[in-house]
Amino acid sequence: MSSRLIDLKPNKVFKYFEDICDIPHGSRNTKAISDYCVEFAKEHHLKYIQDDSNNVIIFKDSSLGFENHDTIIMQGHLDMVNEKTTNSLHDFEKDGLNLIIDGDSIHCKDTTLGADDGIAIAYVLAILDDNSLAHPPIEAVFTVDEEIGLLGASALDVTPLKGKSLINIDSEEEGIFLAGCAGGVTADITFPIDRINIKGISYNLSITGLNGGHSGTEIDKGYANAHKLLGRILYKFKSNDVYYGINNISGGSKDNVIPNICNVTLIIPNDEDNKALALQTVKEINSEFKTEFQVADCNIEIKLEENNNGVEEEIDIMSMKSNVIITFFLMNAPNGIQYMNQSIKGLVETSLNMGILNSSKENINIGFSVRSSVKSAKHNLMDQLTYITEFLGGECNFKGDYPSWTYRSTSKLRTVFTETYKELYGKEAKVETIHAGLECGIFDEKFEKQGKTLDIISFGPDMQNIHTTKESLSISSVQRCWEFVIKILGEL
1 MSSRLIDLKP NKVFKYFEDI CDIPHGSRNT KAISDYCVEF AKEHHLKYIQ
51 DDSNNVIIFK DSSLGFENHD TIIMQGHLDM VNEKTTNSLH DFEKDGLNLI
101 IDGDSIHCKD TTLGADDGIA IAYVLAILDD NSLAHPPIEA VFTVDEEIGL
151 LGASALDVTP LKGKSLINID SEEEGIFLAG CAGGVTADIT FPIDRINIKG
201 ISYNLSITGL NGGHSGTEID KGYANAHKLL GRILYKFKSN DVYYGINNIS
251 GGSKDNVIPN ICNVTLIIPN DEDNKALALQ TVKEINSEFK TEFQVADCNI
301 EIKLEENNNG VEEEIDIMSM KSNVIITFFL MNAPNGIQYM NQSIKGLVET
351 SLNMGILNSS KENINIGFSV RSSVKSAKHN LMDQLTYITE FLGGECNFKG
401 DYPSWTYRST SKLRTVFTET YKELYGKEAK VETIHAGLEC GIFDEKFEKQ
451 GKTLDIISFG PDMQNIHTTK ESLSISSVQR CWEFVIKILG EL
């Protein structure tokens with residue numbers, strides 16, 4: 001494939017980033033990208049480990065004169081979030097990404113870019129490929145399935161690692177260094193469906209135009225959640241005595257993405273007054289939502305449109321009992337910010353996101369991403385979800401439980417980062433903790449269990465709208481962060 005980034009500098013960074021973009025590498029589809037990293041190690045005669053989960057560790061000796069320096073772990077994740085626009089024909093299982101350069105930014109046509117966290121892998125491969133750089137011994141750790149619960153890091157055997165400091169490259173704001181993050185867990189909820197057959201006209205109820213976004217870094221933006229809006233619409237139908245049935249629900253596909261779209265196939269009896277009432281109810285609630293979310297989601301759009309040219313047909317719907325259960329759950333399940341940190345102004349402490357909502361013939365499936373920097377608060381949310389689910393006759397299971405990364409008052413690595421940043425750019429960097437989950441907490445916990453202390457920091461170049469089809473990467477920021485990380489390696 002011809003290069004689209006060939007003229008961008010640093011050449012090796014963008015070369016490897018483009019290679020990564022040419023390989024499908026969504027979560028749970030990481031064998032090809034993992035093998036690519038292994039082939040890189042072989043070609044450069046570097047020792048490597050590839051485990052059964054597709055995690056890869058590549059080892060490189062120090063440059064001349066740095067033999068006695070402490071080993072540095074450099075880490076990023078291989079998987080990306082696969083999201084595309086409704087009209088996109090892109091196949092994430094086999095298609096490379098269609099990269100577009102627009103001024104200072106790189107983005108993709110109708111899909112996510114995967115700069116989160118492809119740019120980290122590109123940086124580290126470029127470092128490993130360049131024998132002219134000054135650096136201590138390096139252990140490059142590439143994990144998998146970070147976006148669906150930090151599963152690769154959880155499965156990784158860290159005993160081969162000798163480094164005492166870890167540089168995580170999974171942040172999205174240049175000049176902001178992260179020194180702590182929330183812990184989290186994924187909730188999978190299932191409700192069984194009873195179905196009956198009725199005669200009626202098929203309609204598509206659509207919720208579109210929402211911003212969506214990352215459920216950690218953007219949970220405080222006030223963005224609407226399409227699934228929670230659906231609960232309000234269904235309850236409005238009930239309150240207005242609209243007669244309808246639900247045939248199918250299709251919402252978000254990622255628990256950690258604020259859902260920006262939801263489509264529901266409704267069956268409405270062929271009665272003119274009832275149809276008119278349904279359309280009027282949607283019109284009213286659309287107006288209400290536009291007013292309510294006029295700042296955070298100004299493009300919100302709720303529509304109710306006939307399918308099959310309005311021809312009456314016999315079709316199965318969820319029973320009244322199943323309808324009531326899903327409406328109650330969508331209306332009353334906790335979602336969004338639950339508690340703000342009382343010590344750090346503006347930091348979300350505890351939240352959850354209802355990211356997945358879809359139905360099959362037999363079940364309704366709902367997925368949550370739960371986050372908190374306080375372990376007991378995370379467990380309380382888990383208990384709430386379990387209680388309301390089981391009360392309504394469903395089943396709630398948890399997976400991918402990962403720890404928080406606790407801020408430490410002293411850090412040699414943080415000092416080197418902040419001092420080097422000021423030296424290069426003449427201004428102070430910011431040090432923050434975030435509500436999103438990073439793999440740093442897992443590494444920290446694993447090293448502690450071995451009786452070791454790991455000094456950790458996270459950084460990265462400017463990105464916008466990660467986990468959405470508007471995701472973009474700043475070219476100039478990539479260049480500056482390359483200059484910065486090369487300087488850092490020479491200081492360690």
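Residue numbers are given in UniProt numbering: position 378 of the sequence shown equals residue 378, and the series is strictly consecutive. Note that the Cβ used here is the ideal one computed from N, Cα and C, for glycine as well.
Simplified DSSP state of residue i, which is helix, strand or coil
i      : result
Ala296 : coil
Arg371 : strand
His227 : helix
Val141 : strand
Met1   : In this prediction, Met1 has a pLDDT of 42, which is less than 50 and means its spatial position is unreliable; what the coordinates show is noted afterwards. It is coil, neither helix nor strand.
Tyr243 : coil
Asn335 : coil
Thr406 : coil
Ile417 : Looking at the sequence provided, one finds Phe at residue 417 rather than Ile. Note: Phe417 maps to helix in three-state DSSP.
Ser253 : coil
Gln450 : coil
Asp220 : helix
Gly437 : coil
Asp444 : helix
Lys199 : strand
Thr190 : strand
Ser215 : coil
Ser411 : coil
Ile344 : coil
Gly183 : strand
Leu8   : coil
Glu432 : strand
Ile466 : coil
Pairwise C-alpha distance: residue j and residue i
i           : j      : result
Thr415      : Cys298 : 42 Å
Thr159      : Asn82  : 32 Å
Met1        : Val242 : Because the pLDDT of Met1 is 42, which lies under 50, any placement of that residue in the model is unreliable, and the question is left without a value.
Tyr235      : Gly114 : 37 Å
Gly251      : Phe40  : 39 Å
Ile300      : Gly231 : 16 Å
Cys37       : Val56  : 7 Å
Thr386      : Cys396 : 6 Å
residue 495 : Gly212 : Nothing in the structure corresponds to residue 495, since the chain is present only between 1 and 492.
Ala179      : Asn335 : 26 Å
Phe59       : Phe17  : 20 Å
Phe328      : Lys275 : 23 Å
Asn248      : Cys262 : 11 Å
Ala140      : Phe177 : 20 Å
Thr433      : Leu347 : 8 Å
Ile121      : Ile356 : 28 Å
Phe459      : Thr291 : 38 Å
Ala182      : Phe368 : 15 Å
Ile198      : Ala333 : 29 Å
Asp170      : Thr281 : 44 Å
Cys108      : Gly65  : 42 Å
Phe417      : Gly441 : 19 Å
His435      : Tyr244 : 40 Å
Pro403      : Asn260 : 28 Å
Asn307      : Asp110 : 26 Å
8 Å contact criterion, which residue i and residue j should meet: CB distance rounded
i      : j      : result
Ser165 : Asp70  : 7 Å
Ile364 : Ile326 : 6 Å
Gly400 : Thr186 : 5 Å
Asp22  : Gly96  : 4 Å
Pro136 : Leu492 : 5 Å
Ala134 : Leu352 : The pair is not a contact, with the Cβ atoms about 45 Å apart (cut-off 8 Å).
Leu156 : Asp51  : 7 Å
Met354 : Ile366 : 6 Å
Ser132 : Asp79  : Their Cβ separation, rounded to whole angstroms, is 31 Å, which puts Ser132 and Asp79 out of contact at 8 Å.
Any non-hydrogen atom of the ligand SAH within 8 Å of residue i CB
i      : result
Gly310 : Looking for the ligand SAH in the displayed structure turns up nothing, as the structure carries no ligands at all.
Margin query: Is it the case that the segment 207-218 contacts the segment 456-467, given that we only count it when at least three CB pairs across the two stretches are under 8 Å?
Written below: yes
Next item on the list: Mind the definition here: the segment 131-150 touches the segment 84-96 only if three or more C-beta pairs lie below 8 Å; say whether that holds.
Entry: no
Check: At what residue ranges does the segment 57-121 contain a whole run of the beta strand (DSSP E), taking only runs of 3 or more?
Finding: As far as the segment 57-121 is concerned, its whole beta strand (DSSP E) runs of at least 3 residues are 72-77, 99-102 and 105-108.
Notebook entry, point to check: What are the complete alpha helix (DSSP H) segments, minimum 4 residues, inside the segment 262-325?
Noted result: 272-292
Checklist line | Ranges of the beta strand (DSSP E) found wholly within the segment 18-56, counting only runs of at least 3 | finding: 47-50
Note to self: Could you tell me which whole beta strand (DSSP E) segments of length 3 or greater appear in the segment 374-404?
What the structure shows: Every unbroken stretch of the beta strand (DSSP E) spanning 3 or more residues and falling wholly within the segment 374-404 is given here in chain order: 395-402.
Margin query: Quick check for students: name the residue ranges of the beta strand (DSSP E) that lie wholly in the segment 125-176, counting only runs of 3 or more.
Written below: 138-143 and 165-168
Next item on the list: Count the C-beta pairs between the segment 220-229 and the segment 310-319 that are closer than 8 Å, then say yes if the count reaches three, no if not.
Entry: no
Notebook entry, point to check: Can we say the segment 97-105 touches the segment 28-37, given the rule of at least three CB pairs closer than 8 Å?
Noted result: no
Check: Does the count of Cβ pairs from the segment 188-206 and the segment 321-334 closer than 8 Å reach three?
Finding: Short answer: they touch.
Check: Is the segment 253-260 touching the segment 196-204 in the sense that three or more CB pairs, one from each, lie closer than 8 Å?
Finding: no
Check: Touch check for the segment 335-349 and the segment 364-382: three-plus C-beta pairs under 8 Å?
Finding: yes
Margin query: Pairs of beta-carbons, one from the segment 1-14 and one from the segment 114-129, closer than 8 Å: are there three or more?
Written below: Output reads yes: the segment 114-129 touches the segment 1-14.
Next item on the list: Would you check if there are 3 or more beta carbon pairs closer than 8 Å linking the segment 442-456 to the segment 418-428?
Entry: Touching, no, given that fewer than three Cβ pairs across the two stretches are closer than 8 Å.
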